[in-house]
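These notes are about the structure you will find just below.
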Amino acid sequence: MKPYPELKTGKWAFILTIGFLTVLIIFFLLMSIGYVDFDTGHWWDLTVAIAVFLIVPAFLLSVIAIRKEKTTITYAALVIGLLAIAFLLTHSLFISD
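144 is the number of the first residue of the sequence shown in the numbering used here; add one for each residue after it.
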């Protein structure tokens, strides 16, 4: 199995997944230095909105790309997308306000 995709759908799935991870890493780094937090402002809401608009197309593109070429990065994008979408669909079950 090849590590890198050759088709545009696989490349875009990888790029969008990296963007998703970058957005989350930047938010949590800013949170660790005390610049943002979950309670004040709408930073977490903005982060989640951007992340969703990155990961959903990445997941769909990785599903399309896997049908044509099976690469390691495309499978990684699929797994990360599946985990993120599963989290989005189930996280409200565990919130108790």
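We treat Cβ as the ideally placed atom computed from N, Cα and C, and that holds for glycine.
Residue i classed as buried or exposed, judged by whether at least 16 other C-beta atoms fall within 10 angstroms
i: Leu172; result: exposed
i: Ser235; result: exposed
i: Tyr232; result: Contrary to the premise, residue 232 reads as Leu rather than Tyr in this sequence. Answer is exposed; the Cβ neighbour count stays below 16.
i: Phe237; result: exposed
i: Ala220; result: buried
i: Phe230; result: exposed
i: Pro247; result: The question about residue 247 has no answer here: the residues shown for the chain are numbered 144 through 240.
C-alpha distance - residue i paired with residue j, whole-angstrom precision
i: Phe196; j: Asp182; result: 23 Å
i: Ala227; j: Ile198; result: 7 Å
i: Gly153; j: Phe202; result: 10 Å
i: Leu167; j: Ile161; result: 10 Å
i: Phe157; j: Trp186; result: 25 Å
i: Ile176; j: Gly224; result: 28 Å
i: Ala208; j: Tyr218; result: 9 Å
i: Glu149; j: Met174; result: 37 Å
i: Tyr178; j: Arg210; result: 43 Å
i: Lys151; j: Met144; result: 18 Å
Delimiting residues of the alpha helix (DSSP H) encompassing residue i
i: Lys154; result: 151 to 175
i: Leu236; result: It is not in any alpha helix (DSSP H) - Leu236 carries neither H nor E in the DSSP assignment.
i: Val195; result: 186 to 211
Residue closest to residue i, alpha-carbon to alpha-carbon, out of the options
i: Val222; options: Phe237, Arg210, Ser205; result: Ser205
i: Pro200; options: Gly184, Phe163, Tyr147; result: Phe163
>> Does the segment 173 to 193 come into contact with the segment 207 to 222, if we say contact requires no fewer than three beta-carbon pairs (one atom in each stretch) closer than 8 Å?
In response: no
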